[in-house]
Amino acid sequence: MITPTPLMRLVAGVWGFKTLAAGVELGLFTRLAGGRTMTVEQAAAEFGLPDRPADLLLAASASLGLLEKAGDGYRNSELAEQFLVEGRPYYFGAQVRYSDLRTYLPWHRIGEALRTDRPLTWDPETQQSMFDTADPEMLTQFWDAMFSTSSFTAAALADAYDFSAHRRLLDVGGGAGAFPIEFCRRLPELRATVLDLPHVCVRARERIAEAGLTGRIDAVGGDFLADPALPDGHDVILLSMILHDWDEPTNRALLARCHAALPPGGAIVVCELLLNDERTGPPEAALMGMNMLVETEGGRNYSGAEYAAWLTDAGFVDVRTVPFDAPGANGAVVAQRA
518 MITPTPLMRL
528 VAGVWGFKTL
538 AAGVELGLFT
548 RLAGGRTMTV
558 EQAAAEFGLP
568 DRPADLLLAA
578 SASLGLLEKA
588 GDGYRNSELA
598 EQFLVEGRPY
608 YFGAQVRYSD
618 LRTYLPWHRI
628 GEALRTDRPL
638 TWDPETQQSM
648 FDTADPEMLT
658 QFWDAMFSTS
668 SFTAAALADA
678 YDFSAHRRLL
688 DVGGGAGAFP
698 IEFCRRLPEL
708 RATVLDLPHV
718 CVRARERIAE
728 AGLTGRIDAV
738 GGDFLADPAL
748 PDGHDVILLS
758 MILHDWDEPT
768 NRALLARCHA
778 ALPPGGAIVV
788 CELLLNDERT
798 GPPEAALMGM
808 NMLVETEGGR
818 NYSGAEYAAW
828 LTDAGFVDVR
838 TVPFDAPGAN
848 GAVVAQRA
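Numbering of the sequence shown is given in our numbering, commencing with residue 518 and proceeding in unit increments.
Structure (structure tokens):
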């Protein structure tokens, strides 16, 4: 018998996220790193909480698979230990913080976005894009969130697609450099360039230096939408979580510049949360599309078939889709310049 229970699960979805966000904000999972167990009484004392809220937070976190019960206390689940402890290689907490502080309140006005077809997190009348802001703290939160999501996504892509055939990677809109950092750690012969706005390159150089890869990864300031040409000298171009920010004409123009920048035999890798061809899912891709309504003027999530058609029209050949599972993407559409 059909029941409204699935609808109630959707209603409660925000409760689950806010429980996660509260744990990250308190540093709960970092405090429990390394197998430490914490009782309700200890949590109340350490975080300055009354017993009832402490009990409810720990129980709810366990119900979400973030904690496990151990005797009278709670400890991190494997998921939390790997991804919610600060300092871990694929720490995801920055994405949680950014979403909590930047996007969730605007989502409360989603009806307005649907009616006006205008973003809610920035003002197109006073800013050129969501990346144009005088708020340095917000910029730091955004790029740290993207790095957080991108690091594991880069690892998943590197497992799914063999970059060892390439020598020079151009990461267009590469942010703080998570993808080339992951790839260059794995492939000693690979060199890479991050192309992004000048102020973003400052953060990228910091991350690259922290990874000990300053000599192998460059960060070049530029505007991939406005510059007449992309940097040449690369045999593979990566567009990761970029094209969903823009409309079809903008994306087609960018793919044409990618084609012009590559040598014959060079490859392009479009890494995204891909919709299925029927545009019915998966939810991660479709809901990211709704988030683009909140955050961009023309962005949306596209299907692999749409990307394949644009790449073919731009002159690329041997188009194929490589599926994988990651927080920032579920596949890559790969093609070559003839």
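Ideal placement from N, C-alpha and C gives every residue a C-beta, glycine not left out.
Practice task
Specify the secondary structure class of residue 713 as computed by DSSP and reduced to three states.
Solution key: strand
Problem - Exposure of residue 578, with buried meaning 16 or more beta-carbon neighbours within 10 Å - result: buried
Problem - Straight-line Cα distance separating residue 725 from residue 698 - result: Distance between the alpha carbons of residue 698 and residue 725 is about 7 angstroms.
Handout entry: Terminal residues of the alpha helix (DSSP H) in which residue 644 lies
Key = Element bounds for residue 644: n/a, residue is neither H nor E.
Practice task
Count the C-beta pairs between the stretch 844 to 855 and the stretch 782 to 796 that are closer than 8 angstroms, then say yes if the count reaches three, no if not.
Solution key: Yes, they touch.
Exercise for the section: Under 8 angstroms by Cβ, that's how I've got residue 479 and residue 839 pegged, so tell me the actual separation to the nearest angstrom. Expected result: What is shown of the chain runs 518 to 855, which leaves residue 479 out entirely.
Practice task
Within the stretch 687 to 736, note down every full beta strand (DSSP E) run reaching 3 residues or more, in order along the chain.
Solution key: 708 to 713
Practice task
Please work out which residues of its chain come closer than 6 angstroms, Cβ to Cβ, to residue 603, disregarding the five sequence neighbours upstream and downstream, and give them in chain order.
Solution key: 547
Problem - Spatially closest choice to residue 778 from 587, 842, 688, by CA coordinates - result: 688
Problem - Element boundaries [beta strand (DSSP E), containing residue 631] - result: Element bounds for residue 631: not the beta strand (DSSP E) but the alpha helix (DSSP H), 627 to 633.
Practice task
Could you tell me which of 702, 624, 623, 610 sits nearest to residue 660, measuring between CA atoms?
Solution key: 610
Handout entry: Beta-bridge pairing of residue 585 - partner residues as DSSP gives them
Key = 592
Practice task
Output the distance between the C-alpha atoms of residue 592 and residue 530, rounded to the nearest integer angstrom.
Solution key: Those two C-alpha atoms are separated by around 23 angstroms.
Problem - Secondary structure of residue 797, DSSP reduced to three states - result: coil
Exercise for the section: Please determine if the stretch 698 to 717 and the stretch 736 to 755 are in contact, where contact requires at least 3 C-beta pairs separated by less than 8 angstroms. Expected result: yes
Practice task
Please confirm if the stretch 616 to 628 is in contact with the stretch 585 to 600, defined as three or more CB-CB distances below 8 angstroms between the two stretches.
Solution key: no
Problem - Check whether residue 733 and residue 775 have beta carbons under 8 angstroms apart - result: no
Problem - Three-state secondary structure (DSSP) of residue 520 - result: Here residue 520 sits in coil by DSSP.
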